[in-house]
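Novice:
2 protein chains.
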Amino acid sequence: MTHPHPHHRGHRSRSRRGVGSEWRVHARVERFIEPALLLILRDGSTHGYELADSLADLVPAERIDMGNLYRMLRALEAEGIVESEWRDDLPGRNRRTYRLTEQGASLLDTWVDALDKANKTITAFLERYRDRREE
Amino acid sequence: MTHPHPHHRGHRSRSRRGVGSEWRVHARVERFIEPALLLILRDGSTHGYELADSLADLVPAERIDMGNLYRMLRALEAEGIVESEWRDDLPGRNRRTYRLTEQGASLLDTWVDALDKANKTITAFLERYRDRREE
DNA sequence: TTCACATATATGTGAAACACATATACTATG
DNA sequence: CATAGTATATGTGTTTCACATATATGTGAA
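Those sequence lines, one after another, are chains A and B. Residues 6 to 140 (the working numbering) make up the first sequence, in order. Residues 6 to 140 (the working numbering) make up the second sequence, in order.
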């Protein structure tokens, strides 16, 4: 499976108008791919290409960039957050299989706390939006 | 009121370790200042400097950068999302007072939809994290 | 009355995160 | 044996942002 995502090309969060004075906005959590990756690896080791498919489920709004994904995996390995092993015994092409280290599990926990906070901030925003709307 | 925020300098989302193999992570919604700004202006016109204080409440985890805030306000004005008026009649220093346009109100609505989605994505992530943890 | 501090707006600049393009090589299959 | 799918990787420009700095006016205390 490849990953075509034709929508809203060329921008980050907000694009110019679409048709009929509609705005298109994408609320992205910065570096969200990283905790998503860690969570997937916590539930079982895999290789980069398969991670992309799992990520597509966990982060539906995000187009997965394979180039940046592999770069991120090697950066995480350099920091001791994941470890990898090159497998040439498995059927199919050779691949590098990643697993989470203890350091990585600890980083995942830290991300979870941060995401909890982010969620509360967003929820507070949405509540304020709706509260004053209904006055 | 000025805005000192000494914590976690120099990085975006993830910093190197702190003391005792702890990670410090900040889950930021990209460009979140923009919708926060729009929401505050929906509830009443103000000027840039005061917006910073209101933002500090709405977005507690974020250090407010005045330079970028003023830049953003002028960019939003150029796009017709806010309108401003230079006031020299009020007590105190002259200031530029901003108000939300209809375009801006529509953009705020769009942001709300996007933030709703982001909230659901984060919630799904946290649920998956906790589910498998308790098995 | 001047010095310090708060208010208020603004520009310059470099780095991180990211989108998009492209390269490479092997495997499976019709 | 050509084509599509699997798998990993590098190159590069843009956006968003952190941090530094500039400028000018108002206010209160020494």
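Just so you know, even glycine gets a beta-carbon here, dropped at the ideal spot from N, CA and C. Since we're looking at a predicted model, the values are computed, not measured.
(1) Terminal residues of the continuous beta strand (DSSP E) containing A:Glu-55?
(2) Could you give the first and the last residue of the continuous alpha helix (DSSP H) run that contains B:Glu-39?
(3) Quick one: using the 10 Å Cβ neighbour count with 16 as the cut-off for buried, is A:Arg-19 buried or exposed?
(4) List the residues of chain A that B:Thr-128 touches, going by C-beta distances under 7 Å, in chain order.
(5) List, in chain order, every chain B residue whose beta-carbon is nearer than 8 Å to that of A:Leu-120.
(6) Rounded C-beta distance between B:Arg-104 and B:Glu-88? I'm assuming under 8 Å.
(7) How many Å lie between B:Asn-99 and B:Arg-92 at the Cα?
(8) Does B:Trp-116 get closer than 9 Å to chain A when you measure Cβ to Cβ?
(9) For B:Met-6, which residues in the same chain have their Cβ closer than 7 Å to its Cβ, ignoring the five residues on either side in sequence?
(10) If you draw a straight line from the alpha carbon of B:Ala-80 to that of A:His-52, how long is it in whole angstroms?
(11) Grouping DSSP H, G and I as helix and E and B as strand, with all else coil, what is A:Glu-132?
(12) Applying the criterion that 16 or more other CB atoms from any shown protein chain within 10 Å of the CB defines a buried residue, is B:Ala-110 buried or exposed?
(13) For A:Pro-65, is the classification buried or exposed, using 16 other Cβ atoms within 10 angstroms of its Cβ as the cut-off for buried?
(14) Below 8 Å on the Cβ atoms is my guess for A:Leu-131 versus B:Asp-48; work out the distance and round it to an integer in Å.
(15) Does the beta-carbon distance from B:Val-34 to A:Ala-123 come in below 9 Å?
(16) Any residues in the stretch 33 to 61 of chain A with a beta carbon nearer than 8 Å to a beta carbon of chain B? Which ones, in chain order?
(17) Can you list, in chain order, the residues of its chain whose CB lies under 7 Å from that of A:Ala-41, leaving out five sequence neighbours each side?
(18) Find the residues of chain A that neighbour B:Ala-66, judging by a C-beta separation of less than 9 Å, and give them in chain order.
(19) Can you grab the Cα-Cα spacing for the pair A:Gly-72 / A:Phe-37, in whole Å?
(20) Roughly how many angstroms separate the alpha carbons of B:Leu-56 and B:Ser-50, rounded to a whole number?
(21) What are the partner residues of B:Arg-33, as DSSP defines its beta bridges?
(22) Could you tell me which residues DSSP puts in a beta bridge with A:Thr-102?
(23) Identify each residue in the stretch 100 to 113 of chain A for which the Cβ-Cβ distance to at least one residue of chain B is less than 8 Å, and report them in chain order.
(24) Kindly indicate if chain A contains any beta-carbon less than 9 Å away from that of B:Glu-82.
Specialist: In brief:
(1) As a working note, residue 55 of chain A is residue 50 in the first sequence. Element bounds for A:Glu-55: not the beta strand (DSSP E) but the alpha helix (DSSP H), 53 to 63.
(2) By one-based count along the second sequence, residue 39 of chain B stands at place 34. Segment 38 to 47, the alpha helix (DSSP H) holding B:Glu-39.
(3) Taking the first residue of the first sequence as position 1, residue 19 of chain A is located at position 14. Buried, because 16 or more other Cβ atoms sit within 10 Å of the Cβ of A:Arg-19.
(4) Taking the second sequence and counting its residues from 1, the one referred to as residue 128 of chain B is at position 123. Those are Asn-124, listed as they occur along chain A.
(5) Indexing the first sequence from 1 puts residue 120 of chain A at position 115. Near A:Leu-120 (Cβ distances below 8 Å), the residues of chain B are Ala-32, Ile-127, Phe-130, Leu-131.
(6) Here residue 104 of chain B refers to the residue found at position 99 when the second sequence is read from its first residue. Here residue 88 of chain B refers to the residue found at position 83 when the second sequence is read from its first residue. Correct: roughly 6 Å between the Cβ atoms.
(7) The residue you call residue 99 of chain B lines up with position 94 of the second sequence. The residue you call residue 92 of chain B lines up with position 87 of the second sequence. Answer to the nearest angstrom: the Cα atoms are 6 Å apart.
(8) Against the second sequence, residue 116 of chain B aligns to sequence position 111. At least one chain A Cβ lies under 9 Å of B:Trp-116.
(9) If you number the second sequence from 1, residue 6 of chain B lands on position 1. Residue placement at B:Met-6 is poorly supported in this model, since its pLDDT is 43, which falls under 50; the coordinates still yield a value, given next. Around B:Met-6: Asp-58.
(10) Looking up residue 80 of chain B in the second sequence gives position 75. Looking up residue 52 of chain A in the first sequence gives position 47. B:Ala-80 and A:His-52: Cα-Cα distance of roughly 43 Å.
(11) The residue you call residue 132 of chain A lines up with position 127 of the first sequence. A:Glu-132: helix per DSSP, three-state reduction.
(12) Mapped onto the second sequence, residue 110 of chain B falls at position 105. Exposed is the call here.
(13) Mapped onto the first sequence, residue 65 of chain A falls at position 60. Result: exposed.
(14) Counted from its first residue, the first sequence places residue 131 of chain A at position 126. Counted from its first residue, the second sequence places residue 48 of chain B at position 43. In fact, because the Cβ distance is near 14 Å, the residues do not count as touching under 8 Å.
(15) Counted from its first residue, the second sequence places residue 34 of chain B at position 29. Counted from its first residue, the first sequence places residue 123 of chain A at position 118. Yes, they are a contact pair.
(16) Arg-33, Val-34, Glu-35, Arg-36, Phe-37, Glu-39, Pro-40, Ala-41, Leu-44, Arg-47, Asp-48
(17) Locating residue 41 of chain A in the first sequence gives position 36, counting from the first residue. Cβ neighbours of A:Ala-41 beyond the five flanking positions: Leu-60, Leu-63, Val-64.
(18) In the second sequence, the residue the question calls residue 66 of chain B occupies position 61. In chain order: Ala-119, Lys-122, Ala-123, Thr-126.
(19) Translated into the one-based positions of the first sequence, residue 72 of chain A becomes position 67. Translated into the one-based positions of the first sequence, residue 37 of chain A becomes position 32. Taking the straight line joining both Cα atoms gives about 16 Å.
(20) Taking the first residue of the second sequence as position 1, residue 56 of chain B is located at position 51. Taking the first residue of the second sequence as position 1, residue 50 of chain B is located at position 45. Using only the alpha carbons, I get a separation of about 9 Å.
(21) Counting from 1 along the second sequence, the entry for residue 33 of chain B is found at position 28. Bridge partners of B:Arg-33: none, in fact.
(22) Locating residue 102 of chain A in the first sequence gives position 97, where the first residue counts as 1. According to DSSP, A:Thr-102 bridges with A:His-52, A:Glu-90.
(23) Gln-108, Ser-111, Leu-112, Leu-113
(24) Within the second sequence, numbered from 1, the residue matching residue 82 of chain B stands at position 77. It does not: the Cβ of B:Glu-82 has no partner Cβ on chain A nearer than 9 Å.
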